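J.:
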Amino acid sequence: MVFSKDTLERIKKIHNLSLRVNTNNHRKKLLGLAQKHIKEINQLYSEKNPHADIETGDLAVLCFELILESGKNPDEVLEKCFERYEKKLNELLKQDSL
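Note that numbering that gives the first Met the number 0 has the sequence shown beginning at 0, numbered continuously upward.
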């Protein structure tokens, strides 16, 4: 389990608020916001601005919303992603040591 029950409920509440604010084409709006955040994060990190971490957290929330938008459980999706990253990184490490 990645998220506590309270955290997952909080993400769902944020998503519901977002749905109320962005009533039309919600997924498209979330993707547009994610793209804007990525540009801002790049700029802030290049400036060594510590606010980049907050913007990165905002991007994570947008990503969790996108997962909810697909009707999936962010906790389950992240567990799968962790396994994929661990497997891939271990494979890459093995290749580097050859």
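Note that beta-carbon positions come from the ideal geometry of N, C-alpha and C, so glycine has one too.
Please read these numbers as outputs of a predicted model, since none were measured by experiment.
(1) Check Ile20 in the structure and name its three-state DSSP category.
(2) Please check the pair Thr55 and Ile40, which I expect to be a contact at CB under 8 Å, by giving their CB distance rounded to whole angstroms.
(3) Taking the alpha helix (DSSP H) that Asn41 falls in, what are its first and last residues?
(4) Taking only the alpha-carbon atoms, compute the straight-line gap between Gly31 and Glu90 and give it to the nearest angstrom.
T.: In brief:
(1) Taking the sequence shown and counting its residues from 1, the one referred to as residue 20 is at position 21. It should be noted that the sequence gives Val, not Ile, for residue 20. DSSP places Val20 in helix when its eight states are reduced to three.
(2) The residue you call residue 55 lines up with position 56 of the sequence shown. The residue you call residue 40 lines up with position 41 of the sequence shown. Yes, Thr55 and Ile40 are in contact; Cβ-Cβ is about 6 Å, under 8 Å.
(3) The sequence position of residue 41 within the sequence shown is 42, counting from 1. That run of the alpha helix (DSSP H) goes 25-45.
(4) If you number the sequence shown from 1, residue 31 lands on position 32. If you number the sequence shown from 1, residue 90 lands on position 91. If I take the Cα positions, the gap works out to 33 Å.
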